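Undergrad: Residue 18 is where the sequence shown starts when you use the numbering used here, and the numbers rise one by one after that. Just so you know, even glycine gets a beta-carbon here, dropped at the ideal spot from N, CA and C. In this text the structure is predicted, and so the values were computed from the model without any measurement.
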Amino acid sequence: MAALQDLAFREYGEGFPILVIHGWTISGAVEAHDLEPIFSKHTSQYRRIYIDLPGMGQTPLGQAKDLDSMLASVETFIENHILPSEFLLAGSSCGAYFARALACKYETHVDGLLLRVPLVEPVNEKRDLDPFVPAIANEKLLASLPTAERQQLGDTAVQTPEYIGQFRKRLTEIVLPAVEASDATALDVIRHDPNKYGLNARLHDDKASFKKPTLIVTGRQDGVTGYRDAWTLLQSYTRASFALLDRADHGLPVDEYDRQVLQALVLDWLRRVEEPRRIAASAG
18 MAALQDLAFR EYGEGFPILV IHGWTISGAV EAHDLEPIFS KHTSQYRRIY
68 IDLPGMGQTP LGQAKDLDSM LASVETFIEN HILPSEFLLA GSSCGAYFAR
118 ALACKYETHV DGLLLRVPLV EPVNEKRDLD PFVPAIANEK LLASLPTAER
168 QQLGDTAVQT PEYIGQFRKR LTEIVLPAVE ASDATALDVI RHDPNKYGLN
218 ARLHDDKASF KKPTLIVTGR QDGVTGYRDA WTLLQSYTRA SFALLDRADH
268 GLPVDEYDRQ VLQALVLDWL RRVEEPRRIA ASAG
């Protein structure tokens, strides 16, 4: 068997490690864009590590042929770059699926888990999704946009000029460049094969739960992974806070309202993660 390749990554800061795993066909740059404004404001010192999964960002596909082999590459990265330190895990969408598996494998080293718009059910047809209904509708505004732009924007949770402007900016400047850099042909083969787009790794469940501080953030208007599948995770993560954000879709955060709410939630999660260390330090 060929040796697993190392993953491209970017990191910011020094201190306690946070490993951040992006979603399907994008890259660590997208996660950094969304999370660095939050992490950089926190007073504690964290080493934020944003990896690029195989076939995405700056990491070649290499030997990756399914989600299991991609997970193995992340495990190798953790063993080469993070262990034996304790660390935190954060993941978005498919990255949250990987993060759950990693939290199970490295449970004694993982002090906290952040799941943003998590993928729970890999098979599209089995996901518990609502029909898309925008939080704020403005059909006249959408009709005024060029057809190509309407198609590019897709379902928009908040149909106001300000929101669409920020949605467009994030999409064209951050998300689409990452998508275009991915190995689309190879990733499509994995994505559309149920035998490849699913993990065989052990995950926490109600009989063997994860007992460290967890944050699950979902969007009410998320038409990709929804929110009800994520709600079923609560019995598996006994210290989880669950947030269902109105006017938020699979791409949250988009505008300043999204960012303010997400920041409050993430900073609360970090405080919960840090609490045992603060107690131990004061007792010592």
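(1) Consult DSSP for F94 and reduce its assignment to one of helix, strand or coil.
(2) Let's test the definition: count the other Cβ atoms within 10 Å of the Cβ of S90 and tell me whether it reaches 16, buried, or not, exposed.
(3) By how many angstroms is the C-alpha of P178 removed from the C-alpha of E273?
(4) Use the C-beta contact count for D51: other C-beta atoms within 10 angstroms, 16 or more gives buried, fewer gives exposed.
(5) So which of A118, Q169, V278 has the shortest CA-CA distance to L262?
(6) Go through its chain and collect everything with a Cβ distance to A195's Cβ below 7 Å, but skip five positions before and after it.
(7) Among the candidates P230, N97, S110, D83, whose CA atom is the shortest distance from the CA of W41?
(8) Check G112 in the structure and name its three-state DSSP category.
(9) Could you tell me whether the region 97 to 114 touches the region 127 to 146, using the rule of 3 or more Cβ pairs below 8 Å?
(10) So the candidates are L284, W248, E292, D83; which of them puts its Cα closest to the Cα of P54?
(11) Quick one: complete alpha helix (DSSP H) runs, 4+ long, within the region 210 to 265?
(12) Given a threshold of 16 other Cβ atoms within 10 Å of its Cβ, counted over all protein chains shown, does D275 qualify as buried or as exposed?
(13) Less than 8 Å separating the beta-carbons of G243 and R144?
(14) Rounded to the nearest angstrom, how far is the Cβ of K213 from that of K82, given a contact under 8 Å?
(15) Mind listing, in chain order, the continuous beta strand (DSSP E) runs of no fewer than 3 residues lying wholly within the region 51 to 97?
TA: In brief:
(1) helix
(2) buried
(3) 14 Å
(4) buried
(5) V278
(6) I43, S44, A46, V47, G74
(7) S110
(8) helix
(9) Contact between the region 97 to 114 and the region 127 to 146 is present: three or more C-beta pairs spanning the two stretches fall below 8 Å.
(10) L284
(11) Secondary structure remark: continuous alpha helix (DSSP H) runs of at least 4 residues inside the region 210 to 265, in chain order: 245 to 248.
(12) buried
(13) yes
(14) 7 Å
(15) 63 to 68
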